[in-house]
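Using our numbering, the first residue of the sequence shown is number 42, and each one after it goes up by one.
Working notes, beginning with the structure itself.
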Amino acid sequence: MIRLSNLPARTLKAIGTVFNGFDGALIIDEKGHIAVITENYADVAGVDPEEVTGKHVLEIFPKSRMIEVLTTGKPIFAELWEAGRETVWVTRVPIVSDGRIIGAAAVSVFRYMDEAKRFAKQLKNMDSELEYYKSQVRKLSGARYSFDAIVGTSAAISIAKTNAQRMTRNRAPVLIVGETGTGKELFAHAIHQASSRRDRPFIRVNCASIPDNLSESELFGYEEGAFTGARKGGRAGKFELAHGGTIFLDEINELPGNIQAKLLRVLQEGEIDRIGGTDVSLIDVRVISATSAHLNELVEQKLFRQDLFYRINAFILVIPPLRERLEDIPLLCEHFIDNCNYELGTAVAGIDRKVLQAFARYDWPGNVRELRNVIQRACLNAGSDIIKTSHLPFESIGRKGTSASTDGGSLEEYLAGVEREYIVGILQSVRWNRNRAAEILGIHRTSLYAKMKKYGLLEQ
């Protein structure tokens, strides 16, 4: 076997002549000693070629990566390297004979370095800019709420918060159940924010708002050419976007049967395949699901897969309706008033005791979301006053007296009127698109249909 260390000086000199076509070259033998160094290379490095020949490369160039190439056999291409007074491009490759590494060579480029430095600076700036935008995306896709944002001190909400906090310590799937408007998404945000995944994405998916024919591509992505209209280059699905973090599947009961089957595979195998793709991608995603439906009944009716139901409910978190935590209403009202003052520019100082008494008698079918909407409307009417029954804008309140506490039905009529007007406003803003309206309202499509029927809006 040939050994560079055994070659005569004239042969090594001839080898050096071959490398004169490059701006500079350095060759070491199997022991790491410098066998060849061209004059150009030595000049730029600020060394005498005769003095350094035969010495160990690290003795002359302490930061050299030549020994790394010699020991691993892996080349290092086009790296910027400070050689003496210059910065140069260097490519390092192993020298192999009869299947064994007998040395390593480094060839460098000195010319056009000004352009190369400018290019390297541009790359560095682009890398910094890319990292900045990545950080902004992480902020935008992260959870917005913590457990501190969950308002209330009642036993019911305290139990829910305690149970949720226990769920932050691992990555097991969570199923959040509760009526519409109870704050299921708020709890999902808080669980993610308190977990070890807090700095990774939090991706929200409203399963009820995705058309059935788009569910698969939205969740799992697609490759270029997978179907007519597919984006060039394909598109990542929600699960890929949530890699390393958490995906929140709201109204999971709305997923079509074929998507339920594919979701089950994702949970079991931890991998996805895009539509039209042949490769499988491993993913690390925690799944938090939510529903206002009774999934066990849907399982019995064969409308929801039993095996998927068992997979998603390693933890079950029950969120109480507002009627079971009425003692939290004063705190919630104070919280919503503060928000309105900040967001709407109002200056409401508080809420009348008689209004709170009336609120305590109301059933609140829309739960906390309904209370928030009522307070928002009342704040706009109150301006800088405290909220009184007179700030409830419907005539039925005035006819029955300014104290809503004297007639529980008057407040119920008011709240029904508020809800109807609010739903009409949303429907008009989306040109009566029920799917879109249900998404904005945060309720199920069947719930919206029932409310439209209740308020005589189906013929609109």
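All residues carry an ideal CB built from backbone N, CA and C; glycine is no exception.
Where residue i and residue j are concerned, what is the direct C-alpha to C-alpha distance, given to the nearest angstrom?
i	j	result
D89	N81	11 Å
R440	C381	Unreliable placement is indicated for R440, whose pLDDT of 31 sits below 50; no coordinate value is reported for it.
P103	A190	56 Å
A445	V326	For A445, the predicted model reports a pLDDT of 37, less than 50, meaning its position is unreliable; a value from the coordinates is still stated below. So the two alpha carbons sit approximately 49 Å from each other.
G144	V77	11 Å
E8	C374	With the chain represented from 42 up to 501, any question about residue 8 goes unanswered, as that position is not in the structure.
L367	I392	16 Å
N354	V215	6 Å
E341	G193	35 Å
S138	I101	26 Å
E338	F345	9 Å
Y490	N476	10 Å
Y8	E265	Here the chain comprises residues numbered 42 to 501, so residue 8 is not present and cannot be evaluated.
E123	I142	26 Å
S437	V396	Since pLDDT at S437 reaches only 28, below the 50 mark, its modelled position is unreliable, and no value is offered.
N408	N474	24 Å
S470	A119	57 Å
L410	I427	Reading the sequence as shown, one finds Arg at residue 410 and not Leu. Cα to Cα, the separation comes out at about 21 Å.
T112	V148	18 Å
A423	I378	11 Å
V328	E259	16 Å
V110	E91	24 Å
G285	N254	27 Å
V359	A334	12 Å
A196	A267	52 Å
Buried or exposed for residue i, please, with buried defined as at least 16 other CB atoms from any protein chain shown within 10 angstroms of its CB.
i	result
K494	exposed
D70	buried
Q301	buried
G483	buried
I357	exposed
D291	buried
R210	exposed
E312	exposed
T487	exposed
A213	exposed
V321	exposed
L385	exposed
N294	buried
K343	exposed
I200	exposed
Which residue's Cα is closest to the Cα of residue i: the options?
i	options	result
L498	L468, R477 and I484	L468
V98	G114, E91 and K72	K72
A457	A401, I136, D139 and V415	V415
M208	E100, D240 and Q234	Q234
E365	G424, W473, E312 and G219	G219
V150	V131, P135 and R141	V131
A390	Y263, E411, G87 and A419	A419
A277	N247, N299 and G262	G262
F228	N422, Q309, F289 and I313	F289
L421	L323, N408, R394 and A388	A388
P362	G224, L304 and Q417	G224
I108	V93, L121, I68 and E91	I68
G274	R315, P406 and P371	R315
A231	F243, T221 and G222	F243
V85	L111, E92, D64 and A334	D64
R352	D369, L308 and A331	L308
L336	R238, V93 and I217	I217
A401	I370, S330 and F188	I370
Q398	Q347, A423, K429 and Y186	K429
G114	G222, R133 and S105	R133
T332	R472, S195 and N247	N247
Q417	Y383, D404 and P406	Y383
R306	G317, T319, L323 and G318	L323
A283	A271, R238, S256 and E310	R238
Quick one: what's residue i bridged to in DSSP?
i	result
I392	I428
W473	According to DSSP, which records beta bridges pairwise, W473 is partnered with nothing at all.
T287	F243 and R327
H74	H97
I370	I370 pairs with nothing; no bridge assigned.
G483	Answer by DSSP bridge pairing: none, since G483 is not bridged.
G144	D70 and I136
G65	S149
V131	E120 and S149
> Which whole runs of the alpha helix (DSSP H) in the stretch 176 to 247 are 4 residues long or more, in chain order?
Replying inline: The qualifying runs are 196 to 207 and 225 to 234.
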